[in-house]
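Data block below; observations after.
What follows is the structure, given as structure tokens:
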């Protein structure tokens, strides 16, 4: 159990990280990532540079954290954190990923292509965690399932990310509902290697 001092410290850390993240995301709508400096972020968050470096190694570390936390919040607003697998939850996961990537591309995502792997890693990692929890809850915990589950979750997370990226790059050509109805059976088939599912 945490002491009062530890709880206070934890709240301070969370508050400071939130200030830095919000400042960073605001700056991303105003200027190119490469032109944003740590001093810019610290000034916008109204903290000093030393405080920034207490929490992140550099602005790349903050970018990874900001993308992951923003995507996590977006996901949990549509797919509850303690949710279990259902075709509807999988559909919501795909829709949310498509919408998030579209918003990121249109408003925040830097044009620098070197940033894309950082975004991919954070989003696919979070999706894979959700899928792995679904697989674990839906199947008997035998050795074969447990061995294959991380691989299937990883492959499926990349399928979802890939679908979202595809739609976000051409979202004026097809409605999201139509796109999801076409993409979902393929994603369902991938996940179906670990969970007994049928597309609905």
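In the working numbering, the protein residues as written are -7 to 192.
We treat Cβ as the ideally placed atom computed from N, Cα and C, and that holds for glycine.
Hey, residue i and residue j are a contact pair by Cβ (cut 8 Å); roughly how many whole angstroms apart?
{"i": "residue 63", "j": "residue 122", "result": "That pair is no contact at about 11 Å."}
{"i": "residue 179", "j": "residue 151", "result": "5 Å"}
{"i": "residue 67", "j": "residue 110", "result": "With 8 Å as the limit, residue 67 and residue 110 do not qualify as a contact, their Cβ atoms being about 18 Å apart."}
{"i": "residue 13", "j": "residue 30", "result": "About 14 Å; that fails the 8 Å criterion."}
{"i": "residue 85", "j": "residue 155", "result": "Going by Cβ atoms, the distance from residue 85 to residue 155 rounds to 11 Å, so no, they are not a contact pair."}
{"i": "residue 78", "j": "residue 120", "result": "Not confirmed; about 18 Å, so no contact."}
Nearest by alpha-carbon distance to residue i: which of the options is it?
{"i": "residue 181", "options": "145, 162, 157, 169", "result": "145"}
{"i": "residue 59", "options": "3, 31, 93, 72", "result": "93"}
{"i": "residue 37", "options": "139, 161, 7", "result": "7"}
{"i": "residue 143", "options": "97, 117, 53", "result": "117"}
{"i": "residue 74", "options": "173, 108, 129", "result": "129"}
{"i": "residue 139", "options": "3, 35, 20, 186", "result": "186"}
{"i": "residue 158", "options": "148, 183, 89, 184", "result": "89"}
{"i": "residue 25", "options": "91, 86, 107", "result": "107"}
{"i": "residue 20", "options": "169, 96, 43, 91", "result": "96"}
{"i": "residue 162", "options": "176, 112, 98", "result": "98"}
{"i": "residue 61", "options": "80, 16, 32, 176", "result": "16"}
Completely contained alpha helix (DSSP H) runs for the region 7 to 41, where each covers 4 or more residues: Secondary structure in the region 7 to 41: the alpha helix (DSSP H) runs of 4 residues or longer, each lying completely within the stretch, are 30 to 37 in chain order.
In chain order, which continuous runs of the alpha helix (DSSP H) of length 4 or greater are located wholly inside the region 106 to 176? Whole alpha helix (DSSP H) segments, 4+ residues: 108 to 130, 135 to 161.
If you pair each beta-carbon of the region 72 to 88 with each one of the region 42 to 54, do three or more pairs fall below 8 Å? Output reads no: the region 42 to 54 does not touch the region 72 to 88.
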